[in-house]
Amino acid sequence: MPADPTALPTERTTGTPQWGHRPLGRSRERGRGRTASLAATAVRGARTGRAGVRARLAAIADRIVDTAPRIPVRDLATLRAQFPGLTPEELADKLVAGACKGTATVGAGVGAAAMLPAPPAMLYELTAEIVGVASVEIKLIAELHEVYGLRPPGNRRQRAMAMLTSWTEERGIEITNPATLNIALGAQMRRELRQQVMKRTLRNLPNLTPFLVGAAVGAFMNRRDTGRLAHKIRKDLRAAQVPWDALPDPLRA
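Read left to right, the sequence shown gives residues 3 to 255 (the numbering used here).
So this is what it looks like as C-alpha cells:
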C-alpha cells in the first residue's frame, strides 16, 4: 500500500502502458490509415470501372461505324416494286412496321438469354443487341429517305455515314443544307455516336431482367423506341419531301 492511500499506481501516472493495452493514439492512426487505404482502393476501382465502360462503348461504336456501309438498303425503285400501289405514307408505314418487328425480335431474344446464369455472357448479348438494333434502324432511316425522295448525295459509304449521323442525332438529313451532310467521320461524330450508344445501353438494361420477363420487356421496349425514332425521322422528312414524279428518272424508276 502506498503511503498516501489516495495516490494512483505508478503506471497510471507515468504513461507506461499496462500489459495487454495499446496506446489510444497509435490505434486511431492505424484506423485512419485503413480507412484511407479502403477509400483509395474504392476510387481506383471506380476509375477502372469507368475506363472499362468507356472502352466497351468505344468498341461498340466502332463496330457500328464499320457495319453501317455494309447494311443492305433498298432504293426507291426496289421498294415500289416490292410494295406496288402504295402511296409514300403507306410505304413508310410498311417499313416502320417491319423495322419495329425486327428490333422487337432482337430484344426478345436477348431478354430471354439474359435469364441464363452466365453474367459474363450478358455483356456480349447486350453488345449484339445494340449493334443489331442499330443496323435495323439505320436501314429503316435510309429507306425512309428513299421513300420521301431525299436520298443524300455521294457514294454508298458516304450515304451510309449520312444515315449514321441521322441515327445518332435522331433526325432527318437536310440534303439542301451542306452543314447537315457531315459525311466525314470526324471526332465530333464519333463522340455523338458514343453518346447515343451509351443512351441505348442504359435504355436496354431492363431487357436483362430474369425469370422469363426479359423477353417480353425487351420486345416491347425495342418496338416502342424504334417507333419513336421513326416518328421523329418522318416528321423531318415530310417537311422537305420531294414527290416521286418530281424525282429524276434514275431515282424513281
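All residues carry an ideal CB built from backbone N, CA and C; glycine is no exception.
Bear in mind that the values here come from a model prediction, so they are computed numbers and not experimental data.
The Cβ neighbour count for K201, taken over all protein chains shown within 10 Å, is under 16; the residue is labelled exposed.
Contact annotation: S137 and T69 have beta-carbon atoms nearer than 8 Å.
Short of 6 Å from the beta carbon of L59, and not among the five residues preceding or following it, lie these beta carbons of its own chain, in chain order: R196, V199, M200. At a Cβ-Cβ threshold of 8 Å, L146 and L81 do not count as neighbours.
The residue among P74, W246, F85, E194 with its C-alpha nearest the C-alpha of E139 is P74. For R158, the uninterrupted alpha helix (DSSP H) run begins and ends at 158-171, by DSSP. Per DSSP, the unbroken alpha helix (DSSP H) holding Q84 starts and ends at 78-84. With a threshold of 16 other beta carbon atoms within 10 Å, Y150 meets it and is buried. Cα atoms of R72 and I66: separation of roughly 10 Å, rounded to the nearest angstrom. Your pair A110 and A221 checks out as a contact, with CB atoms roughly 4 Å apart and the cut at 8 Å. Here L231 carries a helix assignment [DSSP, helix/strand/coil]. Shown here for L93: same chain residues with a beta carbon closer than 7 Å to its own, the five before and five after excluded, namely L81, F85, V149 in chain order. Straight-line measurement puts the Cα of I235 at about 10 Å from the Cα of A241. The C-beta distance from T105 to R192 rounds to 24 Å, too long to fall under 8 Å, and the pair is not in contact.
Distance from the Cα of T129 is smallest, within the candidate group Q160, V108, K141, for V108. Burial check for G134: the Cβ neighbour count within 10 Å reaches 16 or more, so the residue is buried.
In the assembly as shown, A57 is an exposed residue. Its beta-carbon has fewer than 16 other beta-carbons within 10 Å. Inter-residue distance for P250 and A61 is about 40 Å (C-alpha atoms, whole angstroms). Secondary structure at Y126: helix, using DSSP grouped into helix, strand and coil. Proximity to L78 across R159, E131, I132, L152 peaks at L152, based on C-alpha coordinates.
Shown here, L152 sits in coil according to DSSP, grouped into three states, outside any helix or strand. A70 carries a helical assignment under DSSP once its states are collapsed to helix, strand and coil. Within the same chain, M165, S168, W169, I235 come within 7 Å of I143 by CB-CB distance, once the 5 residues on both sides are set aside.
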